[in-house]
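J.: Start counting the sequence shown at 1; every next residue gets the next number (full-length UniProt numbering).
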Amino acid sequence: MKPIVMAGGTGSRLWPKSRAAFPKQFLSLTSDQSMLQDTLTRLDGLETEAPIFVCNEAHRFIVAEQLLQAHLQHDGILLEPVGRNTAPAIALAALHATKQGQDPVLLVLAADHIIDNPEAFHQAIKDAEQLAQQDKLVTFGVVPTSAHTGYGYIRQGGAINGSSNGSQVAEFVEKPDLPTAERYVKSGDYLWNSGMFMFKASRYLQELEKHAPDIYSVCKAAIDTESQDLDFVRVDAETFADCPSDSIDYAVMEKTDAAAVVPLDAGWSDVGSWSSLWEVQKKNAQGNVIRGDAILENVHNSYINAEQRLISVVGLNDVVVVETKDAVLVAHKDKVQDIKKVVDKLKAEKRPEFEFHREVFRPWGSYDSLDQGSRFQVKRIKVKPGEKLSVQMHHHRAEHWIVVAGTAKVTCDDKTFLLTENESTYIPIGTVHSLENPGKIILELIEVQSGSYVGEDDIVRFSDRYGRAK
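(1) Taking the alpha carbon of V383 as the point to measure from, which residue in C219, K409 and M393 has its own alpha carbon closest?
(2) Beta strand (DSSP E) containing T411: first to last residue?
(3) DSSP has K200 in a bridge; who is on the other side?
(4) Inspect the beta-carbon positions of H332 and V313 and report whether they are closer than 7 Å.
(5) Cutting at 8 Å between CB atoms, please list the residues of its own chain near G287, excluding the five before and the five after it.
(6) Would F356 and L346 qualify as a contact pair, given that the criterion is a beta-carbon distance under 7 Å?
(7) Which residue's Cα is closest to the Cα of V5: L67, S245 and Y184?
(8) Going by beta carbon distance, what residues of the same chain come within less than 7 Å of R468, once the five residues before and after it are set aside?
(9) Tell me the DSSP bridge mates of Q372?
(10) I need the straight-line Cα distance from G267 to D116, nearest angstrom please.
(11) Since K186 is in the alpha helix (DSSP H), which residue starts that stretch and which ends it?
(12) On the three-state DSSP scale, how would you describe M1?
(13) Let me check understanding here. Comparing Cα to Cα, which of I77, Q168, N437 and G8 lies closest to A87?
(14) Got a sec? Which residues, its chain only, sit under 8 Å from S225 by beta carbon, not counting five neighbours each side?
(15) Cα-Cα, which of H148, T145 and V105 is closest to A128?
(16) Taking all protein chains shown into account, do 16 or more other C-beta atoms lie within 10 angstroms of the C-beta of K175, making it buried, or fewer, making it exposed?
(17) Going by DSSP, name the residue or residues bridged to N305.
(18) With a floor of 4 residues, list each alpha helix (DSSP H) that falls wholly inside the region 109 to 152, ordered by position along the chain.
(19) Looking at the secondary structure, which residues open and close the beta strand (DSSP E) in which C243 lies?
(20) In three-state DSSP terms, what is R60?
(21) Using only CA atoms, which one of Q37, Y153, T10 and S275 lies nearest to K24?
(22) In the DSSP assignment, find the beta strand (DSSP E) that holds residue 507 and state where it starts and stops.
(23) Assign P51 to buried or exposed, taking buried as 16 or more other Cβ atoms, counted over all protein chains shown, within 10 Å of its Cβ.
(24) What span of residues does the beta strand (DSSP E) with P263 cover, start to end?
(25) I'd like to check one pair, D371 with R380: are the Cβ atoms closer than 7 Å?
(26) Just to check my reading of the structure: S452 and H396 have Cβ atoms closer than 8 Å, yes? What is that Cβ distance to the nearest angstrom?
(27) With a cut-off of 8 Å on the beta carbons, I'd call V261 and I154 a contact; round off their distance for me.
(28) Could you give the first and the last residue of the continuous beta strand (DSSP E) run that contains I402?
(29) How about H211 and K255: are their beta carbons less than 7 Å apart?
(30) Contact check, Q156 vs A170 under 8 Å by CB: the rounded distance?
(31) Please work out which residues of its chain come closer than 7 Å, Cβ to Cβ, to L277, disregarding the five sequence neighbours upstream and downstream, and give them in chain order.
(32) So, using beta-carbon positions, are E444 and A405 closer together than 7 Å?
(33) Short of 7 Å in beta carbon distance, which residues of its chain neighbour A181, apart from the five on each side in sequence? Order them along the chain.
(34) In whole angstroms, what is the alpha-carbon distance linking F22 and M198?
(35) Going along the chain, which residues of its own chain have a beta-carbon closer than 7 Å to the beta-carbon of S227, five neighbours each way excluded?
(36) Thinking just about the alpha-carbon of each residue, which of E297, F417 and D257 is nearest to the one in G315?
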């Protein structure tokens with residue numbers, strides 16, 4: 001059994017924690033690990049092969065770094081040149097998994113789900129594997145705990161011979177209104193659509209070719225020219241751009257006569273909003289979920305998340321308060337779905353808070369923008385041991401570097417030298433330069449940029465070990 005982990009998506013309803021450049025699957029929301037790392041570690045105890053990951057170009061180094069941090073193995077990080085929904089993404093993974101003549105059973109998982117009961121999850125996987133070996137395309141249907149209107153539903157059909165806990169899929173239904181959802185739950189015939197699947201790679205590809213041949217043919221052509229780039233598998237971008245965009249539900253599962261469903265009762269949530277995160281977490285006597293430094297007075301049934309500063313809340317009920325280094329969200333729990341409207345406004349106004357956190361992660365480390373004006377910017381830069389920034393130059397800004405921890409190896413035009421703690425150097429405008437950490441501990445330095453323009457796009461890269469040089 002080979003896990004396929006879908007690590008795309010933006011998680012806009014969990015803003016300001018989740019941003020386009022660092023969405024919710026990479027955040028630690030319910031444990032010390034990120035949701036991506038939790039997705040893999042909850043498979044411990046099952047016999048699985050190394051997983052394949054599917055993500056977009058912008059998130060590739062975050063995925064690789066989080067796997068490295070958690071000492072997790074993989075069998076490729078597939079990069080989607082453009083987003084085309086789940087049916088093509090799974091097709092790329094299935095085609096990649098069969099390139100060596102193998103035909104594994106694929107366990108398709110999202111990287112941003114919560115499952116509180118791994119043992120029940122494991123049992124559902126074993127039940128699904130029985131069906132997958134019978135050439136069924138299996139989806140996991142979550143046993144509903146409420147008449148939720150934010151999920152699609154699956155109506156269970158007749159039992160399947162040889163299956164201990166699976167049934168035919170009678171019908172997929174769209175997200176219902178509340179009276180319809182209440183009727184579904186009361187009947188006992190309906191399950192929430194989890195978006196998790198299991199099937200043989202060959203069976204999925206057969207059904208995809210039958211019901212969505214245009215998707216199949218484009219993905220086949222794109223994967224035939226795949227190439228390896230560090231930890232990443234690239235497919236032909238021009239070919240894949242012509243692929244229709246469609247979900248696996250619409251493209252395959254609603255059309256195939258081989259669809260089966262296994263009930264899942266394991267404390268599942270897709271954490272689609274702050275209120276859903278409040279629902280699944282442990283609460284205090286007042287019904288509050290508190291993360292970080294917070295003082296509450298006469299507050300009930302609320303979610304409070306402090307990242308950087310003390311949060312004080314007085315006399316409020318059913319609210320969400322989330323603080324990050326550069327933004328604060330205050331919302332009523334019943335209105336958290338409207339956070340997406342705020343994110344849409346941020347995007348339309350081209351504000352950086354839509355895409356980036358104040359601290360931005362790069363393959364070599366990270367930088368934190370401490371202060372910024374019209375002609376200057378101050379950053380705290382962290383470079384991991386053995387890593388190096390690209391050889392680059394800037395047309396509009398000069399830089400001062402002051403080392404506060406570790407050792408820096410600096411190249412400035414034709415000179416290379418070392419800087420240690422409390423030492424500094426100056427990089428004039430137009431100078432070709434690079435920064436490297438040759439030591440065993442993290443290099444930390446303060447960078448002061450000054451000039452007529454200090455945007456991140458004022459970088460000309462001459463060489464880069466991460467493949468970012470043009």
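Ideal placement from N, C-alpha and C gives every residue a C-beta, glycine not left out.
T.: In terms of the structure at hand:
(1) K409
(2) A408 to C412
(3) V105
(4) no
(5) H300, N301 and S302
(6) no
(7) L67
(8) S390 and R461
(9) Q377
(10) 5 Å
(11) L178 to S187
(12) coil
(13) G8
(14) It should be noted that the sequence gives Thr, not Ser, for residue 225. If we look at T225 and ignore the five residues flanking it on each side, its Cβ neighbours are V235, D236 and T239.
(15) V105
(16) exposed
(17) R291 and V322
(18) 118 to 132
(19) Neither: C243 is in no beta strand (DSSP E) and is coded neither H nor E.
(20) helix
(21) T10
(22) No answer is possible for residue 507: the residues shown for the chain start at 1 and end at 470.
(23) buried
(24) A259 to L264
(25) no
(26) 5 Å
(27) 5 Å
(28) R397 to A405
(29) yes
(30) 6 Å
(31) L29, V271 and Y303
(32) yes
(33) A147, H148 and T149
(34) 28 Å
(35) R234
(36) E297
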